[in-house]
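Data first, discussion second: the structure below is written as structure tokens.
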Amino acid sequence: MIDLSQTASCSTKDLRAVRDALEVLNGKWKLQILIAILSGTKRFKEIAREIEGISDRMLSKELKELETHHLVVRKVYDSFPPVVEYSATAHTSSLDKVIYALKEWGYLHREKIIHASDV
Numbered sequence: 035m036i037d038l039s040q041t042a043s044c045s046t047k048d049l050r051a052v053r054d055a056l057e058v059l060n061g062k063w064k065l066q067i068l069i070a071i072l073s074g075t076k077r078f079k080e081i082a083r084e085i086e087g088i089s090d091r092m093l094s095k096e097l098k099e100l101e102t103h104h105l106v107v108r109k110v111y112d113s114f115p116p117v118v119e120y121s122a123t124a125h126t127s128s129l130d131k132v133i134y135a136l137k138e139w140g141y142l143h144r145e146k147i148i149h150a151s152d153v
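So for the sequence shown, the numbering used here puts the first residue at 35; every next one is plus one.
Set out below in structure tokens:
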């Protein structure tokens, strides 16, 4: 558990690190894509089917950005038609605690909002 009372004393370096992390994971889709790929190597259309509402163009853009940040590996097979698969890198596993914490906070927040509307 993080002691939030210490966040007030965050240094500029700490804030820069948080900003860097948010820049890599920003937006609606990146974490959803990573979670889809963490369960195993997938083809483009498999990822698209798992993530409701994402366009092919947006998925392609986000996958390229994740690849740039070494969180996704793209493998093209020399076949006809070409087969392209995406998988998580070893570096992606460094996000396990972040994803878990966000999931837990999401459940907590959802409960709070639901109970707040009962009042």
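A virtual CB, placed ideally from N, CA and C, is assigned to each residue, including glycine.
Requested in this report: Compute the distance between the beta-carbons of E119 and K64, then report whether it is under 9 Å.
Outcome: No, Cβ-Cβ distance for E119 and K64 is not below 9 Å.
Query raised in the report: Between E31 and A70, is the Cβ-Cβ spacing less than 9 Å?
Result: Beyond the ends of the chain as shown, which are 35 and 153, falls residue 31; an answer cannot be given.
Requested in this report: Grab the span of the alpha helix (DSSP H) containing A135 for me, first residue to last.
Outcome: Taken as a continuous stretch (DSSP letters only), the alpha helix (DSSP H) holding A135 covers 130-152.
Query raised in the report: Looking at C-alpha atoms only, which residue of I147, Y141, L136, A150 is the closest neighbour of L59?
Result: That would be L136, whose Cα lies nearest to the Cα of L59.
Query raised in the report: In its own chain, which residues sit with a C-beta less than 7 Å from the C-beta of D90, not counting the 5 before and 5 after it?
Result: Here the set comprises A82.
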